[in-house]
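Have a look at the structure below, then the notes.
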Amino acid sequence: MSYQEAWNPVDSSLDEIISIAASLKSKTGAVKEIFSQELTQREANVKKVHENLEELQKKLDHTSFAHKEDRDRLEAQIAQKEQEQKAKLAEYDQKVQNEFDARERAEREREAARGDAAAEKQRLASLLKDLEDDASGYNRLRPSKPMLSEEDTNILRQLFLSSAVSGSGKFSFQDLKQVLAKYADTIPEGPLKKLFVMVENDTKGRMSYITLVAVANDLAALVADFRKIDTNSNGTLSRKEFREHFVRLGFDKKSVQDALFRYADEDESDDVGFSEYVHLGLCLLVLRILYAFADFDKSGQLSKEEVQKVLEDAHIPESARKKFEHQFSVVDVDDSKSLSYQEFVMLVLLMFHDD
640 MSYQEAWNPV
650 DSSLDEIISI
660 AASLKSKTGA
670 VKEIFSQELT
680 QREANVKKVH
690 ENLEELQKKL
700 DHTSFAHKED
710 RDRLEAQIAQ
720 KEQEQKAKLA
730 EYDQKVQNEF
740 DARERAERER
750 EAARGDAAAE
760 KQRLASLLKD
770 LEDDASGYNR
780 LRPSKPMLSE
790 EDTNILRQLF
800 LSSAVSGSGK
810 FSFQDLKQVL
820 AKYADTIPEG
830 PLKKLFVMVE
840 NDTKGRMSYI
850 TLVAVANDLA
860 ALVADFRKID
870 TNSNGTLSRK
880 EFREHFVRLG
890 FDKKSVQDAL
900 FRYADEDESD
910 DVGFSEYVHL
920 GLCLLVLRIL
930 YAFADFDKSG
940 QLSKEEVQKV
950 LEDAHIPESA
960 RKKFEHQFSV
970 VDVDDSKSLS
980 YQEFVMLVLL
990 MFHDD
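Okay, here's the thing in structure tokens:
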């Protein structure tokens with residue numbers, strides 16, 4: 640095979656390769672053109688997208704600003720609603736608290752009313768029970784036996800209860816005089832009324848039922864006592880009759896008997912008439928009531944301080960008060976720093992001696 644023959648296939652292949660390369664080059668140019676166009680289009684699209692994004696951002700910014708105003712307005716409305724709600728809740732809480740306080744007050748008032756009613760019931764029961772509980776104490780102090788009839792005692796009881804229940808807690812001088820009329824019709828009204836006022840004042844308006852009965856009974860007893868003491872029935876008491884009577888009452892010291900007689904004998908006639916005896920009896924009755932009123936524990940003894948307080952409350956003259964310390968030591972012979980009723984009477988007599 641000649642050289643030319645061998646080269647021909649190669650040359651043909653080369654021509655074919657060149658043709659393919661030219662075709663590829665042509666196609667590459669077309670592809671490049673297409674790519675370039677697509678790239679340009681893509682750039683245009685990207686630019687448009689950016690423009691759209693910028694427009695959207697502007698719209699978004701505008702929308703956000705508008706939304707901020709709406710949000711602020713909404714937040715303000717919410718805050719206002721919250722304040723209104725808090726105010727309503729506070730008002731409701733206050734209303735509930737007021738209702739609770741009102742109920743508590745009403746309950747306290749009911750409790751107080753129940754307590755007052757119970758206390759009043761207990762007080763009235765105690766007043767009635769005093770007749771039995773305090774009988775021994777008053778009998779110890781009373782110089783005479785009971786003179787009032789059961790009927791008259793019941794009248795006093797009804798008068799006292801009616802005044803206590805009505806809330807006044809008082810009974811009049813005429814009420815007392817009504818019961819005493821048939822017993823002490825000869826007692827001068829002046830001293831009797833003075834006694835009533837003194838007792839009412841000295842007991843600070845708290846005269847008990849038993850005290851009322853004691854006053855009425857002892858006033859009635861004064862009449863019977865005088866008639867009994869006046870052994871010769873001449874209408875006056877001699878020193879002998881007077882002393883014998885007060886010895887029976889336990890005043891066995893001659894100095895005290897003389898002081899009593901001197902106090903009673905106002906006209907210095909050396910005898911004691913009925914009105915003078917009544918005056919002395921009323922004074923002793925006041926002292927007995929003052930003593931019993933101060934003797935809360937019914938021990939039959941008053942301490943020095945209690946005696947001093949009783950006398951101060953009775954507004955005794957300054958000249959008599961100055962004698963208290965000395966005369967108390969004279970009367971308190973056993974140095975017990977306390978006085979029985981009879982010692983208390985002795986003290987007052989000595990304090991008023993020569994006054």
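Residues in the sequence shown are numbered consecutively from 640, following this note's numbering.
Cβ coordinates follow ideal geometry from the N, Cα and C atoms, glycine included.
Small disclaimer: the values here were computed from a predicted structure and weren't measured.
Those residues which DSSP pairs with residue i across a bridge
i, result
"Thr875", "Gly912"
Three-state secondary structure assigned by DSSP to residue i
i, result
"Ser958", "helix"
"Leu888", "coil"
"Ser894", "helix"
"Ser942", "strand"
"Ser979", "coil"
"Asp971", "coil"
"Ala931", "helix"
"Ala953", "coil"
"Thr679", "helix"
"Phe991", "coil"
"Lys686", "helix"
"Lys697", "helix"
"Lys720", "helix"
"Lys937", "coil"
"Ser658", "helix"
"Asp711", "helix"
"Asp869", "coil"
"Asp904", "coil"
Test item: CB-CB of residue i and residue j under 8 Å
i, j, result
"Ser877", "Asp910", "yes"
"Leu929", "Ala953", "yes"
"Gly912", "Gly874", "yes"
"Leu941", "Val984", "no"
"Glu915", "Ala931", "no"
"Glu982", "Val970", "yes"
"Glu880", "Asp869", "yes"
"Phe935", "Gln947", "no"
"Val917", "Leu861", "yes"
"Ser977", "Lys937", "no"
"Val949", "Ala959", "no"
Residue environment, residue i, which counts as buried when at least 16 other CB atoms sit within 10 Å
i, result
"Ser979", "buried"
"Gly920", "buried"
"Ala898", "buried"
"Gln966", "buried"
"Leu923", "buried"
"Val987", "buried"
"Asp711", "exposed"
"Asp864", "buried"
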